[in-house]
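Here is the structure we will look at.
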Amino acid sequence: MADDTDDDTPTTDAASGGAPEKKSGSMADFDLQELGEGAGEEDYLDARAAELMAPTGARDLEAVYEIPVQVAAVLGKASMQVSQLLKLGRGAVVELDRKVGEAIDIYVNNRLVARGEVVLVDDKLGVTMTEIIKSDKSPN
């Protein structure tokens, strides 16, 4: 028959009103304070939070590198009534809300991420980013 002191199940003590009593030598007796200063649950949670908030390496981001995103460079915007829109024809000029030389907005998936200047790249238009817009939302 096995020695009862190695049993990890709590026993009931009649003197304590039937409350479970932990046997000595079991894992149930383990006290975090015995580990010394800084080894409690709060420190574990702080360490875990720091681990989760640590910058992820490029290797961890490889899964998202192939996800396509929509990039739009907006020269300007205009508002008009439908009746005005229907009157537009070939050669009509729509006045935008930006001045010549003013930075344009660059959107990624409909979110403003930068501002830039229009440039010519070979025979195509391009945008040189002049300002990166910081997001108000912090990653959770």
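Letter 37 of the sequence shown, counting from 1, is numbered 37 in our numbering, and no numbers are missing.
From the three backbone atoms N, C-alpha and C, an ideal C-beta is built for every residue, glycine too.
Values in this document were obtained by computation on a predicted structure and should not be read as measured data.
Residue i versus residue j - alpha carbon distance
i      : j      : result
LEU88  : VAL94  : 9 Å
VAL74  : THR130 : 14 Å
VAL118 : LEU45  : 49 Å
SER83  : GLY91  : 17 Å
LEU96  : GLU66  : 35 Å
ASP43  : LEU52  : 14 Å
VAL127 : GLU41  : 51 Å
VAL69  : ALA63  : 14 Å
ALA47  : ASN109 : 35 Å
Selected residue, minimal CA-CA separation from residue i, among the options
i      : options                       : result
LYS99  : GLU66, ASP46, ALA50 and LYS77 : LYS77
LEU125 : GLY116, ILE133 and ASP136     : GLY116
Limits of the unbroken beta strand (DSSP E) element including residue i
i      : result
VAL127 : 124-132
VAL71  : 71-74
Cβ pair residue i, residue j closer than 7 Å
i      : j      : result
ASP122 : LEU112 : no
ALA103 : ILE132 : no
Range of the contiguous alpha helix (DSSP H) that encloses residue i
i      : result
VAL100 : Taken as a continuous stretch (DSSP letters only), VAL100 belongs to no alpha helix (DSSP H), as it is neither H nor E.
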